[in-house]
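Quick note on full-length UniProt numbering: the sequence shown kicks off at 1 and runs consecutively.
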Amino acid sequence: MATATLSLVTDCLFCKIAAKEIPAEIVLETARALAFRDINPQAPTHVLVISKSHHANAAALAEADDGLADDLLKACHAVAVQEGVAETGYRVVFNTGPGAGQTVFHVHAHVLGGRSLQWPPG
């Protein structure tokens, strides 16, 4: 289990956002998670929820810290409630690895809502 200290990677975009070195439109912050609007939204609500500590992807997150994945999912739901999409429905997406479309290698969930989301995606 990881320690309570934050591990940051100096060249990681999302670590820099978590450290508030790069501005972002923050919509929610907890002790271990930060949520901010995606700069290229794919739905009316498109918020990224990241861990404040660096983990490359969802698989690394699951292995690294018992409870942090739960914290991120709780933050995702809190964002959906705050954004007004919890009642009508929303999608939470973790892309893990380049083959799944992950482009920033710091674990993050996409919270999408505010329009009909078709299945299967992409």
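Where a beta carbon is used, it is the ideal one built from N, C-alpha and C, also for glycine.
Count the other CB atoms, across all protein chains shown, that sit within 10 Å of the CB of residue i; report buried if there are 16 or more and exposed otherwise.
i: glutamate 25; result: exposed
i: serine 53; result: buried
i: isoleucine 22; result: exposed
i: threonine 103; result: exposed
i: alanine 100; result: exposed
i: threonine 5; result: With a pLDDT of only 44 at threonine 5, under 50, the local geometry of the prediction cannot be trusted, and no value is derived from it.
Are the CB atoms of residue i and residue j nearer to each other than 8 Å?
i: valine 85; j: glycine 113; result: yes
i: alanine 78; j: leucine 28; result: yes
i: alanine 69; j: valine 49; result: no
i: valine 111; j: threonine 45; result: yes
Return the residue from the list the options that minimises the CA-CA distance to residue i.
i: glycine 67; options: Asn95, Arg32, Phe36, Val9; result: Arg32
i: asparagine 95; options: Val47, Ala58, Leu34; result: Ala58
i: alanine 56; options: Leu72, His106, Leu34; result: His106
i: arginine 91; options: Val9, Val47, Ser51, Cys15; result: Val47
i: phenylalanine 36; options: Ala62, Gln118, Leu72; result: Leu72
i: threonine 88; options: Ser116, Ala62, Gly97, Gln42; result: Ser116
i: serine 51; options: Pro98, Ala64, Leu34; result: Leu34
Suppose the cutoff is 6 Å on Cβ atoms and the five residues either side in sequence are ignored; what does the same chain contact list for residue i look like?
i: isoleucine 17; result: Ala24
i: glycine 97; result: none
i: glutamate 83; result: Thr45
i: threonine 30; result: Ala75
Excluding sequence positions up to five away, which residues of its chain have a Cβ less than 7 Å from the Cβ of residue i?
i: glutamine 42; result: Leu112
i: alanine 62; result: Ala69
i: cysteine 12; result: His54, His106
Item to check | Every unbroken beta strand (DSSP E) inside the UniProt domain "HIT" (13-122) [3 residues or more] | outcome: 26-29, 33-37, 45-51, 90-94, 108-113
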